[in-house]
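Colleague: First to last, the sequence lines map onto chains A and B. Per the working numbering, residue 1 is the first one in the first sequence, and the count goes up by one each step. Per the working numbering, residue 1001 is the first one in the second sequence, and the count goes up by one each step.
Protein chains: 2
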Amino acid sequence: MAEAAHAMNDLTPIRWTGDALEVLDQRELPWRETWIPCASPEEVARTIRDMAVRGAPAIGITAAYGMALALRGPGGPGKLREAAEAAARTLAATRPTAVNLAWAIDRMLRVVVSSLSGGRDAATIRRRAEAEATAIHEEDVAMNKRLGRHGAELLPHECTVLTHCNAGALATGGYGTALGVIRAAVEAGKDVRVLADETRPYLQGARLTAWELARDGIPVSVICDSMAGSILRTGEVQAVIVGADRIAANGDTANKVGTYPLAVLAARHNVPFYVAAPSSTLDRCTARGEDIPIEERSAEEVHVVAGTRMTPPGVPARHPAFDVTPAELISAVVTEDGVFRAPYVFDRRCGER
Amino acid sequence: MAEAAHAMNDLTPIRWTGDALEVLDQRELPWRETWIPCASPEEVARTIRDMAVRGAPAIGITAAYGMALALRGPGGPGKLREAAEAAARTLAATRPTAVNLAWAIDRMLRVVVSSLSGGRDAATIRRRAEAEATAIHEEDVAMNKRLGRHGAELLPHECTVLTHCNAGALATGGYGTALGVIRAAVEAGKDVRVLADETRPYLQGARLTAWELARDGIPVSVICDSMAGSILRTGEVQAVIVGADRIAANGDTANKVGTYPLAVLAARHNVPFYVAAPSSTLDRCTARGEDIPIEERSAEEVHVVAGTRMTPPGVPARHPAFDVTPAELISAVVTEDGVFRAPYVFDRRCGER
Chain A
1 MAEAAHAMND LTPIRWTGDA LEVLDQRELP WRETWIPCAS PEEVARTIRD
51 MAVRGAPAIG ITAAYGMALA LRGPGGPGKL REAAEAAART LAATRPTAVN
101 LAWAIDRMLR VVVSSLSGGR DAATIRRRAE AEATAIHEED VAMNKRLGRH
151 GAELLPHECT VLTHCNAGAL ATGGYGTALG VIRAAVEAGK DVRVLADETR
201 PYLQGARLTA WELARDGIPV SVICDSMAGS ILRTGEVQAV IVGADRIAAN
251 GDTANKVGTY PLAVLAARHN VPFYVAAPSS TLDRCTARGE DIPIEERSAE
301 EVHVVAGTRM TPPGVPARHP AFDVTPAELI SAVVTEDGVF RAPYVFDRRC
351 GER
Chain B
1001 MAEAAHAMND LTPIRWTGDA LEVLDQRELP WRETWIPCAS PEEVARTIRD
1051 MAVRGAPAIG ITAAYGMALA LRGPGGPGKL REAAEAAART LAATRPTAVN
1101 LAWAIDRMLR VVVSSLSGGR DAATIRRRAE AEATAIHEED VAMNKRLGRH
1151 GAELLPHECT VLTHCNAGAL ATGGYGTALG VIRAAVEAGK DVRVLADETR
1201 PYLQGARLTA WELARDGIPV SVICDSMAGS ILRTGEVQAV IVGADRIAAN
1251 GDTANKVGTY PLAVLAARHN VPFYVAAPSS TLDRCTARGE DIPIEERSAE
1301 EVHVVAGTRM TPPGVPARHP AFDVTPAELI SAVVTEDGVF RAPYVFDRRC
1351 GER
């Protein structure tokens, strides 16, 4: 157990070397552990857009480091602001649904702008930006551990938990949100077994959730997404826990496509349905789920599995990458600040984080 | 349209050459059209067990031909009965959920037994058995066309229909059940677009439903199983139609895993949910869904996609191949005899077909 608990604190999908960023290529898991070096915001943006790194908190952190890299070029304060704003545009355009991305970019921009208006020199601004990105990363891991402890209290001493996609160490700075709750429950001595939806089309559950839980010695079995319904019906699952890409002010939650049907089925079978996400995922500026932009990704990602095209030529496919689960189906939202239950009112003044 | 209507009548996954059986290897679709020659009931059983042929009506027909092949060996009437009974056991053991399999084998056995008790010679018995298998095949196609016409009346003039797995020509003697309803609607001049769930783990929707509908010029798009929920929520789907592997006397229906969640989601969004199946799928001897045996297939079929293992070593997977949709979620059951609505009472005397 001590060994497992140790390993739980290790895994991060993003490494800052002090000089450059290295991003774990999650498209290559579970087969190979390959790190992509990034020296510019454009290279960072590519890792996000092409899903080498994914997961709302992780892409926020990655973008923050991308902002820090943008300040590396030569030039005085005026150039720095221009570079930061250009990088912000490039990074923000990579993926539309996760709000943590905009949140992290915004936080980095503020550091640059306030340092500039404070008359700091270029070297100081660069150092401050790097420190801010590192802080965003470290805070995320710390938040996930707090979140995990809050969430762990919701789980019975012995239980089977169903999860969708990967809201784990790989989706965050480390430790994970939904999987952070599971890790914290295991660290608290609970006996947790996990069922991981494979999560088509990217198979984040089969490839990533299974990989990182097995690495930590937490029992996990993989099922196809379509099997969750009949398994929930049997009564063998005591809780469903998922992450979130964006939570609207009323609690409506965007997450990986397939989350909404799980929530409907959990409600039908009286299984609690929990959303675990850091407060940076709360989008107080978005009133309701209908207002969350849902990314439509390339149909190729549905057609082609493991390099083989599974559909006949000429037949189209669709790929909405996320869906919205209405607040009424969510038993609780767990953040680093605690466990929130309906009615959800995440309505601090818009713009205030 | 005339061309499309012509093609619709063509496709069958099972060919009887008069001498041997040829089974279309559906594991090779949509890439290659390969036919497996079968000269013995053991070879036929293998095509069913290994899912070269699949779909409840199609495996029934295939098994019927397998029974006919069992009588090919030399020997007098006593030997024929023994051979038929041995083949019946082998073929019945291939897959547990579809009831059409037992139904077809039983029908073939009756022909053998009644011919034997009528004092017929071996050549006559062989001829009668082949004629019976051919009749089962031809009746299935004719039933599907009647079924299709009944079902087509349920569809609006313009509509999008969501289907799961493949209940098409490839799953039957030809024309299909769920896809037979769609073909009949198209033949009646309706404007039908199809959304095909890809249907993990075997991808029958992506590979087979997409292939046979595209072949007939019927518009079809593929989605991941997990996308059906949010698409049903948008209101763009006017009906869900699926096939069945076994329908209990009370209407509870076993079908490909993933059918039950679709039915739950359709009910939530007031989209009618139809089951289309020949009356040979009605199992009057099984009172309720709980009594239907659900086949647990190899976890390898979940782990490995297109020859690539998607899960990390040592992580188990589960593979319930079917689920049961309770009758309360089924808007209508369509058979060749018409459209049936709740309360379902498929209770002719048990044993009578």
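For each residue, glycine too, the CB sits at the ideal point set by N, CA and C.
Given 7 Å as the limit, tell me if G1119 of chain B has its C-beta closer than that to any heavy atom belonging to the ligand MG.
Modeller: No copy of the ligand MG appears in this structure; indeed no ligand is present at all.
Colleague: What's the gap between the Cα of R1288 of chain B and the Cα of E1328 of chain B?
Modeller: Going by the C-alpha atoms only, they are around 12 Å apart.
Colleague: Using the Cα positions of P278 of chain A and R54 of chain A, report the straight-line distance between them to the nearest angstrom.
Modeller: Each residue's Cα considered, the two are about 15 Å apart.
Colleague: If you compare alpha carbons, which of A:V240, A:R127, A:T134 and A:A68 is closest to L179 of chain A?
Modeller: Minimum Cα distance to L179 of chain A is reached at A:V240.
Colleague: For L24 of chain A and chain B, any beta-carbon pair shorter than 8 Å?
Modeller: No, because no Cβ of chain B sits closer than 8 Å to the Cβ of L24 of chain A.
Colleague: Should S114 of chain A be flagged as near chain B, meaning a C-beta pair shorter than 8 Å?
Modeller: Not one chain B Cβ lies under 8 Å of S114 of chain A.
Colleague: May I ask you to list the residues that DSSP assigns as paired with Y274 of chain A?
Modeller: Paired residue(s): A:I241 and A:A332.
Colleague: Suppose you measure from the CA of V141 of chain A to the CA of H1269 of chain B; what does that come to, to the nearest Å?
Modeller: So the two alpha carbons sit approximately 39 Å from each other.
Colleague: Since D1283 of chain B contacts I1330 of chain B with CB under 8 Å, what's their CB separation in whole angstroms?
Modeller: Between I1330 of chain B and D1283 of chain B the Cβ distance is about 15 Å, and since that is not below 8 Å, they are no contact.
Colleague: With burial defined as no fewer than 16 other Cβ atoms inside 10 Å of the residue's Cβ, what is the status of P343 of chain A: buried or exposed?
Modeller: It counts as exposed.
Colleague: What span of residues does the alpha helix (DSSP H) with I59 of chain A cover, start to end?
Modeller: That run of the alpha helix (DSSP H) goes A56 to A70.
Colleague: Spatial neighbours of E236 of chain A within its chain, please: C-beta separation below 8 Å, excluding the five flanking residues on both sides.
Modeller: So the list reads T160, once near-sequence residues are dropped.
Colleague: Would you say M1227 of chain B faces chain A, with C-beta separation under 8 Å as the test?
Modeller: It does; some Cβ of chain A falls within 8 Å.
Colleague: Against chain B, with Cβ distances strictly below 8 Å, would R360 of chain A count as a contact?
Modeller: The structure shown has nothing for residue 360 of chain A, since chain A only spans 1 to 353.
Colleague: Closer than 7 Å by beta-carbon distance: list the chain B residues that pair up with I247 of chain A, in chain order.
Modeller: Result: empty, since nearest Cβ-Cβ is about 17 Å, beyond 7 Å.
Colleague: Check distances from the C-beta atoms of the stretch 306-323 of chain A to those of chain D and list, in chain order, the residues that come in under 9 Å.
Modeller: Judged by its chain identifiers, the structure shown contains no chain D, and its protein chains are A and B.
Colleague: For chain B, check one thing: does any of its Cβ atoms lie closer than 8 Å to the Cβ of I223 of chain A?
Modeller: Judged by the 8 Å Cβ criterion, I223 of chain A is in contact with chain B.
Colleague: If distances are taken between C-alpha atoms only, which option among A:L11, A:R318 and A:D323 comes closest to E138 of chain A?
Modeller: Looking at the Cα atoms, A:L11 is the closest of the given residues.
Colleague: On the DSSP letters alone, give me the boundaries of the alpha helix (DSSP H) that K1145 of chain B sits inside.
Modeller: Here the alpha helix (DSSP H) through K1145 of chain B covers A1122 to A1152.
Colleague: In this structure, how does DSSP classify A1005 of chain B when only helix, strand and coil are distinguished?
Modeller: The predicted model places A1005 of chain B with a pLDDT of 41, which falls under 50 and marks its position as unreliable; any figure quoted below should be read in that light. In this structure, A1005 of chain B counts as helix in the three-state DSSP scheme.
Colleague: Quick one: residues in its chain with C-beta nearer than 8 Å to the C-beta of V1304 of chain B, no 5 flanking neighbours on either side, listed in chain order?
Modeller: Within the same chain, V1304 of chain B has close Cβ partners M1310.
Colleague: So, is the C-beta of V302 of chain A closer than 8 Å to a C-beta in chain B?
Modeller: Closer than 8 Å to some Cβ of chain B, the Cβ of V302 of chain A qualifies, so yes.
Colleague: From A:T234, A:P30 and A:D291, pick the residue whose C-alpha is nearest to that of V1324 of chain B; which is it?
Modeller: Checking every option, the nearest Cα to that of V1324 of chain B belongs to A:T234.
Colleague: In chain B, which residues lie with their C-beta within 7 Å of the C-beta of L203 of chain A?
Modeller: The contacting residues are M1310.
Colleague: Looking at C-beta atoms only, is the number of pairs between the stretch 1261-1276 of chain B and the stretch 1118-1130 of chain B that lie closer than 8 Å three or more?
Modeller: Because the criterion of three Cβ pairs below 8 Å is not met, the stretch 1261-1276 of chain B and the stretch 1118-1130 of chain B do not touch.
Colleague: If we define contact as Cβ-Cβ less than 8 Å, is S298 of chain A a contact residue for chain B?
Modeller: It does not: the Cβ of S298 of chain A has no partner Cβ on chain B nearer than 8 Å.
Colleague: To the nearest angstrom, how far is the alpha carbon of L1080 of chain B from that of L1213 of chain B?
Modeller: Each residue's alpha carbon lies about 42 Å from the other.
Colleague: What is the rounded straight-line gap between the Cα of A70 of chain A and the Cα of A244 of chain A?
Modeller: Between A70 of chain A and A244 of chain A, the C-alpha separation is close to 28 Å.
Colleague: Decide if A1005 of chain B is buried, meaning its Cβ has at least 16 other Cβ atoms within 10 Å, or exposed.
Modeller: Confidence at A1005 of chain B is low in this model, with a pLDDT of 41, below 50, so its placement is unreliable and no value can be given for it.
Colleague: Should the stretch 1102-1113 of chain B be called in touch with the stretch 1145-1161 of chain B, which here means at least 3 C-beta pairs below 8 Å?
Modeller: Touching, no, given that fewer than three Cβ pairs across the two stretches are closer than 8 Å.
Colleague: Please give the ranges of any alpha helix (DSSP H) in the stretch 1178-1257 of chain B, keeping only runs that are unbroken, at least 4 residues long and fully inside the region.
Modeller: Counting whole runs of 4 or more residues, the stretch 1178-1257 of chain B contains the alpha helix (DSSP H) stretches 1178-1187, 1210-1215 and 1228-1234.
Colleague: Let me confirm a value: T17 of chain A is counted as buried when at least 16 other C-beta atoms fall within 10 Å, else exposed. Which label applies?
Modeller: T17 of chain A comes out exposed.
Colleague: Counting only C-beta atoms, is G1258 of chain B closer than 8 Å to chain A at any point?
Modeller: So yes, G1258 of chain B belongs to the interface.
Colleague: Distance cutoff 8 Å, beta carbons only. Does E1003 of chain B sit that close to anything in chain A?
Modeller: Annotation note: pLDDT 42 at E1003 of chain B (below 50); position unreliable, coordinate value reported separately. Cβ-Cβ to chain A under 8 Å: no for E1003 of chain B.
Colleague: Should S114 of chain A be labelled buried (16 or more other beta-carbon atoms within 10 Å of its own) or exposed?
Modeller: S114 of chain A is exposed by the Cβ-count criterion.
Colleague: Closer than 6 Å by C-beta to R1353 of chain B: which residues in its own chain qualify, once you throw out the five before and the five after it? Chain order, please.
Modeller: Unreliable placement is indicated for R1353 of chain B, whose pLDDT of 46 sits below 50; no coordinate value is reported for it.
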